[in-house]
Amino acid sequence: MGIKDKLKTGVQRNLNQKYIRRLLDIIAKKPVLYTYGSTFSSLSDKYLNIFTIESLRNAYSDNNHPVGYGSLFLPYEMFHALGITPFLPEVMAGFIAGLGLATQTLKEASSNWYSQDLCTFHRSASGAVELDVFPKPDFVITTNLACDAAQKSFYIHSVKYNIEKNFYLIDVPYEYSKESILYLTGQIKNICMNISSKSGMKLDTSKFKEVINLSNEFRKWAIKVNNLRKTLTSYPPYYNGLNFILPFHGLAGTREAVILYNQMYKELKKYLDKEEKEKSGKNKSPKRILWLHLKPYYKNEIFDVLERENCRVVFEEINYIYWPELDPERPFESLAKKMLSHFLAGSIDNRINVILKAARDYKVDGTVLFSHWGCRQSNGGARIIKDSLNKLNIPTLVLDGDCVDQNNSSQGQVKTRLQGFVEILNS
Amino acid sequence: MYTCGIDVGSVSTKVVILGKKDNKIASYVIAPTGSDGKNAAIKALDDSLKKAGLTDNEIEATVATGYGRINIPFADQNITEISCHARGAISLFSDLKTVIDIGGQDSKVIKLKDGKPIDFLMNDKCSAGTGRFLEVMARAMEINIEQFAPIFIKTNDKVDITSTCTVFAESEIVSLIGQGVDKNKIIKGLIYSIADKITSMVGRVGLDEPVCMTGGVAKNLGVVKALEENLGIKINIPDEPQITGALGAACLAQNLY
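Just so you know, the sequences run in chain order V and X. Per my numbering, the first sequence starts with residue 1, numbered consecutively. Per my numbering, the second sequence starts with residue 428, numbered consecutively.
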């Protein structure tokens, strides 16, 4: 590469960096957010956006609270109990895709030797770290639960910020057993103690209890929402169950999650009441779809196509409440049980059982497994999931695509596959 | 009265006009799609009407299919290639269980039960395993694509083509030619590389007989023979496999009135 080319690349990199930073800055400014907030379609929609962006703002602000990078399947109650502001790079990768900025972060990752077949949630987040547009973390915590790429890429983040000593990996055993609970409880406790002593944030028992109680309260409302959805067929236009990843994980244990799910319950209940009143039998009832894994977070037509074809996503696997109520008197053990209860932990049978239960509970006509490029934990089970659903006579579409990189799939091909699948459901 | 099926594919546009009473094809046209699918469809329809000696008033319903299906303003409905190829194949061979369609831009395997599609698989986003792959290779070898089948039949040996990607495969064969490898063996290898790709798709959907192959590539007997050998079965080929999607669209249009 010549000097001119190098200069050009350098200038482009700086422009990318400035552009993304400026956008994130604008978004994270509270007054701007609240002005925008007045245009939200409903209170739950407003809460979802405000809480998401406030969490981002906290991570970017200089409020003396340590920032902890966390991967998706962690029990975030520990962050809130420790007073650590969580920052979820994988969720941010979805956010970046939604803002149409993923091309820049992916390019940066590619320039830094991140492999093309690494999942784009991690690749895009790694590009953002390389561009230095994420807040600087004090701690990096991850787990080997479900996702293999997280433990590797998060470690690289810690190296990038010279905090390898503050990198923690929670090792979740394959089997759910007494020994596993003990082993995991010990790890979570040790990590909490260690972070507490390093950060100077006291691990307060009463604070931990409060967080656990809030987590249980959120769980209660989330279950109520899920139960309501078993009979609901029409949804508010702003509602998409695949948009709740941050509150479902990162805000578990906060008042915000309770407020959001409580409000969502109220709004969906109103819809259900309205639906029952207007039941005339005139309209052809929509086909009920179970959605597995995630969706593309950039602008796409998937849900418009389904809407046009009179199909409704009635449940998403990711919203399944897989863990038992937490015990405020035994917080570490409760969080260990929460992690071990995840349907992506251990055998694929755990996931299949959840999928089959959801298929029956929500009386689905068909299932779409969005097969995100590079996601081994999800795609690896595609065949056995499809076969298991076929036994219940539920057709399954394995829809290849990418949640983050819009250049990695063709909208036309996705549309044809979806439409073809709907034609099968209607035949 | 008549119905019309229009299949706007990436390479060619096909129109079939189907008689309502006798259920027979009144006429069909295969024309290049070019860069404007909509105009290609209008022109092919005009030609097809002329061929059948009909006017457009005699067409009661039209269904469009293929990748350009949404841009046909005069179609009463658009239905995917999956349903149309399945329906077209069933109208030609009853009791079918599997349809393999290899078109210019995509390939698909459709599983049928009681004459209806119940599952399908399409090629991933690249052109490996499609008609385009064969076209590019024929051009790179400076051999007419129609020569591929006779060469396949008369050649015993093959050279394995290891690249799946069309671009890489092209450079691989250029390099093989440069090494002095017999072109016929390369052609045999190319045909097997398509057949192997389709065989693995059939494996994923599950092989059930009888099987029918549709789409332009079904005219290439080399690919058909390689597939039959791989799958260990006999494959049914329509007289004009390229119009099966349009035929299916015309059949499905009969449900619209």
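Every residue gets a Cβ at the ideal spot worked out from N, C-alpha and C, and that includes glycine.
Do you know offhand how far residue i's Cα is from residue j's?
{"i": "H293 of chain V", "j": "G98 of chain V", "result": "18 angstroms"}
{"i": "A513 of chain X", "j": "A677 of chain X", "result": "12 angstroms"}
{"i": "K299 of chain V", "j": "I348 of chain V", "result": "31 angstroms"}
{"i": "G432 of chain X", "j": "M628 of chain X", "result": "27 angstroms"}
{"i": "L82 of chain V", "j": "W291 of chain V", "result": "34 angstroms"}
{"i": "L356 of chain V", "j": "I321 of chain V", "result": "14 angstroms"}
{"i": "S285 of chain V", "j": "G200 of chain V", "result": "57 angstroms"}
{"i": "Y238 of chain V", "j": "F244 of chain V", "result": "12 angstroms"}
{"i": "V601 of chain X", "j": "M568 of chain X", "result": "8 angstroms"}
{"i": "Y65 of chain V", "j": "T85 of chain V", "result": "Contrary to the premise, residue 65 of chain V reads as His rather than Tyr in this sequence. The alpha-carbon atoms of H65 of chain V and T85 of chain V are separated by roughly 6 angstroms."}
{"i": "N166 of chain V", "j": "K160 of chain V", "result": "12 angstroms"}
{"i": "E466 of chain X", "j": "I394 of chain V", "result": "Sequence inspection shows Asn at residue 466 of chain X; the Glu mentioned does not correspond to that position. For N466 of chain X and I394 of chain V, the distance between alpha carbons rounds to 40 angstroms."}
{"i": "I424 of chain V", "j": "A109 of chain V", "result": "40 angstroms"}
{"i": "A468 of chain X", "j": "N498 of chain X", "result": "9 angstroms"}
{"i": "P247 of chain V", "j": "K391 of chain V", "result": "34 angstroms"}
{"i": "Y455 of chain X", "j": "S475 of chain X", "result": "6 angstroms"}
{"i": "F315 of chain V", "j": "G346 of chain V", "result": "23 angstroms"}
{"i": "G649 of chain X", "j": "K295 of chain V", "result": "41 angstroms"}
{"i": "V140 of chain V", "j": "S197 of chain V", "result": "15 angstroms"}
{"i": "P653 of chain X", "j": "G630 of chain X", "result": "Position check: residue 653 of chain X holds Ala in this sequence, whereas Pro was assumed. Taking the straight line joining both Cα atoms gives about 15 angstroms."}
Any idea if residue i is buried or exposed, counting beta-carbon neighbours within 10 angstroms, 16 or more meaning buried?
{"i": "Q104 of chain V", "result": "buried"}
{"i": "D434 of chain X", "result": "buried"}
{"i": "I384 of chain V", "result": "exposed"}
{"i": "G605 of chain X", "result": "exposed"}
{"i": "Q116 of chain V", "result": "exposed"}
{"i": "Y619 of chain X", "result": "buried"}
{"i": "G412 of chain V", "result": "exposed"}
{"i": "Y47 of chain V", "result": "buried"}
{"i": "P324 of chain V", "result": "exposed"}
{"i": "V32 of chain V", "result": "Note on V32 of chain V: pLDDT 48, under 50, position unreliable in the model; the coordinate value appears next. Per the 10 Å Cβ criterion, exposed."}
{"i": "W373 of chain V", "result": "buried"}
{"i": "R376 of chain V", "result": "exposed"}
{"i": "G381 of chain V", "result": "buried"}
{"i": "R308 of chain V", "result": "exposed"}
{"i": "R566 of chain X", "result": "exposed"}
{"i": "R360 of chain V", "result": "exposed"}
{"i": "A500 of chain X", "result": "Checking the sequence, you will find Pro at residue 500 of chain X rather than Ala. So P500 of chain X ends up on the exposed side."}
{"i": "S177 of chain V", "result": "exposed"}
{"i": "T35 of chain V", "result": "Model confidence at T35 of chain V stands at a pLDDT of 48, short of 50, so the residue's coordinates are unreliable; what they give is reported in the following sentence. With fewer than 16 other Cβ atoms within 10 Å, it is exposed."}
Determine, using beta carbons only, whether residue i comes closer than 7 angstroms to chain V.
{"i": "P665 of chain X", "result": "no"}
{"i": "T507 of chain X", "result": "yes"}
{"i": "S518 of chain X", "result": "no"}
{"i": "P544 of chain X", "result": "yes"}
{"i": "S534 of chain X", "result": "no"}
{"i": "S510 of chain X", "result": "yes"}
For residue i and chain X, any beta-carbon pair shorter than 7 angstroms?
{"i": "I424 of chain V", "result": "yes"}
{"i": "G420 of chain V", "result": "yes"}
{"i": "T233 of chain V", "result": "no"}
{"i": "S388 of chain V", "result": "no"}
{"i": "S427 of chain V", "result": "yes"}
{"i": "T416 of chain V", "result": "yes"}
If you scan the region 522-547 of chain X from start to end, which runs of the beta strand (DSSP E) of 3 or more residues do you find wholly inside it?
With a minimum length of 3 residues, the continuous beta strand (DSSP E) runs that stay inside the region 522-547 of chain X are 525-529, 534-540.
Indicate whether the contact test is met: 3 or more Cβ pairs, each with one atom in the region 133-140 of chain V and one in the region 325-333 of chain V, closer than 8 angstroms.
The region 133-140 of chain V is not in contact with the region 325-333 of chain V.
Would you call the region 262-274 of chain V and the region 234-244 of chain V in contact, with 3 or more CB pairs under 8 angstroms?
By the criterion of at least three beta-carbon pairs nearer than 8 angstroms, the region 262-274 of chain V is in contact with the region 234-244 of chain V.
Please list the segments of the alpha helix (DSSP H) lying wholly inside the region 625-658 of chain X, counting only runs of 4 or more residues, in order along the chain.
Uninterrupted alpha helix (DSSP H) stretches at least 4 residues long and entirely within the region 625-658 of chain X occur at 648-658, given in chain order.
Evaluate the contact criterion for the region 336-354 of chain V versus the region 178-186 of chain V: three or more CB pairs, one atom per stretch, below 8 angstroms.
At 8 angstroms Cβ cutoff, the stretches touch.
Spell out a yes or no on whether the region 591-598 of chain X and the region 651-668 of chain X are touching, meaning 3 or more CB-CB pairs, one atom from each, closer than 8 angstroms.
A contact is defined here as three or more CB-CB pairs under 8 angstroms, and the region 591-598 of chain X fails this definition with respect to the region 651-668 of chain X.
Tell me whether the region 215-228 of chain V and the region 252-263 of chain V touch, counting them as touching only if at least three CB pairs, one residue from each stretch, are closer than 8 angstroms.
The answer is yes - the region 252-263 of chain V touches the region 215-228 of chain V, with three or more Cβ pairs under 8 angstroms.
Taking 8 angstroms as the cut-off, does the region 471-488 of chain X touch the region 630-644 of chain X (at least 3 CB pairs, one atom from each stretch)?
They do not touch, by the three-pair rule.
Contact between the region 418-426 of chain V and the region 359-379 of chain V: three or more CB pairs below 8 angstroms?
Two segments are said to touch when three or more pairs of C-beta atoms, one from each, lie closer than 8 angstroms; by this definition the region 418-426 of chain V touches the region 359-379 of chain V.
Counting pairs of beta carbons, one from the region 576-589 of chain X and one from the region 606-615 of chain X, are three or more of them closer than 8 angstroms?
Proximity of the region 576-589 of chain X to the region 606-615 of chain X meets the contact definition, three or more beta-carbon pairs being nearer than 8 angstroms.
If contact is defined by three or more beta carbon pairs under 8 angstroms, each pair taking one atom from either stretch, is the region 574-583 of chain X in contact with the region 541-556 of chain X?
Contact between the region 541-556 of chain X and the region 574-583 of chain X is absent, because fewer than three Cβ pairs lie under 8 angstroms.
Just to confirm the assignment: which complete beta strand (DSSP E) runs, minimum length 3, are found wholly within the region 223-300 of chain V?
Segments of the beta strand (DSSP E) lying fully in the region 223-300 of chain V: 287-292.
With a floor of 4 residues, list each alpha helix (DSSP H) that falls wholly inside the region 70-146 of chain V, ordered by position along the chain.
Listed in chain order, they are 77-82, 89-98, 102-111, 120-131.
Any contact between the region 439-450 of chain X and the region 458-466 of chain X? By contact I mean 3 or more CB pairs, one from each, below 8 angstroms.
Segment contact: the region 439-450 of chain X against the region 458-466 of chain X, three or more CB-CB distances shorter than 8 angstroms; contact assigned.
Ordered list of alpha helix (DSSP H) runs contained in the region 549-582 of chain X, each at least 4 residues:
Look at the region 549-582 of chain X and you find these whole runs of alpha helix (DSSP H), each 4 residues long or longer: 558-568, 575-581.
Is the region 116-128 of chain V close to the region 147-166 of chain V, with three or more CB pairs under 8 angstroms?
Flag = yes, the region 116-128 of chain V and the region 147-166 of chain V touch.
Any chance you could list the beta strand (DSSP E) runs of at least 3 consecutive residues sitting entirely within the region 487-526 of chain X, in chain order?
The qualifying runs do not exist here; there are none.
Do three or more CB pairs link the region 222-230 of chain V to the region 302-313 of chain V at distances below 8 angstroms?
With a cut-off of 8 angstroms on Cβ pairs, the region 222-230 of chain V is not in contact with the region 302-313 of chain V, counting fewer than three such pairs.
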